[in-house]
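S.K.:
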Amino acid sequence: MSSIYTCPHCGKRSFTPLLKAKAGQLNSNGKPCKECGRLCVNGKAATAFNAVFSLIMFALIIIVYLKAPVWYDAYSKGGGSAFLNWVAEREMLAVVILILAKIFVPKLVNAFFFPLEPSIRIETKL
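Position 109, counted from 1, in the sequence shown is what the numbering used here calls 430; the numbers after and before it change by one each time, with no gaps.
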């Protein structure tokens, strides 16, 4: 059984979680293997997770931005939930937390869950 930190080119376990987190998805350059020097990236599953997670975070940011005033008004008139009022009072904090989650959660997931694949990008050197 191979590890998720194993290079797909040479088969040696040459990646650390930090280096694997920085490797990126299929649309990135990737990181070179310490043993063979060829580029590796997190695979299709990591790219799909990043796309779905990014869409969810974007939708939540828009919802919080547009609905926070409505939630606040509804709670002050005696309706609505206490949690939505709490989010409305801290709207900017909620948006900042969602943006930070959009940046860091995919990197953490890439570091510990998805296997590496060979980079398919062709880089030209001038």
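By construction, the Cβ of each residue, glycine as well, lies at the ideal position given by its N, Cα and C atoms.
Since residue 378 and residue 423 should fall inside the 8 Å C-beta cutoff, what is the C-beta to C-beta distance between them, to a whole number of angstroms?
M.R.: Counted from its first residue, the sequence shown places residue 378 at position 57. Counted from its first residue, the sequence shown places residue 423 at position 102. Their Cβ separation, rounded to whole angstroms, is 4 Å, which keeps residue 378 and residue 423 in contact under 8 Å.
S.K.: According to DSSP, is residue 353 helix, strand or coil?
M.R.: By 1-based counting over the sequence shown, the position of residue 353 is 32. Of the three classes helix, strand and coil, the one that applies to residue 353 here is strand, per DSSP.
S.K.: Tell me the rounded alpha-carbon separation between residue 443 and residue 352.
M.R.: Within the sequence shown, residue 443 is the residue found at index 122, counting from 1. Within the sequence shown, residue 352 is the residue found at index 31, counting from 1. In a straight line, the C-alpha of residue 443 is about 14 Å away from that of residue 352.
S.K.: Per DSSP, what kind of secondary structure is residue 300 in: helix, strand or coil?
M.R.: Shown here, the chain extends from 322 to 447; a query on residue 300 therefore has no answer.
S.K.: Within its chain, find whatever has a CB closer than 7 Å to the CB of residue 452; leave out the 5 residues flanking it on each side and keep chain order.
M.R.: Outside the modelled stretch of the chain, which goes from 322 to 447, sits residue 452, for which no answer is possible.
S.K.: Name the two residues that bound the continuous alpha helix (DSSP H) containing residue 339.
M.R.: In the sequence shown, counting from the first residue as 1, residue 339 sits at position 18. Element bounds for residue 339: 338-343.
S.K.: Rounded to the nearest angstrom, how far is the Cβ of residue 412 from that of residue 361, given a contact under 8 Å?
M.R.: Counted from its first residue, the sequence shown places residue 412 at position 91. Counted from its first residue, the sequence shown places residue 361 at position 40. About 40 Å; that fails the 8 Å criterion.
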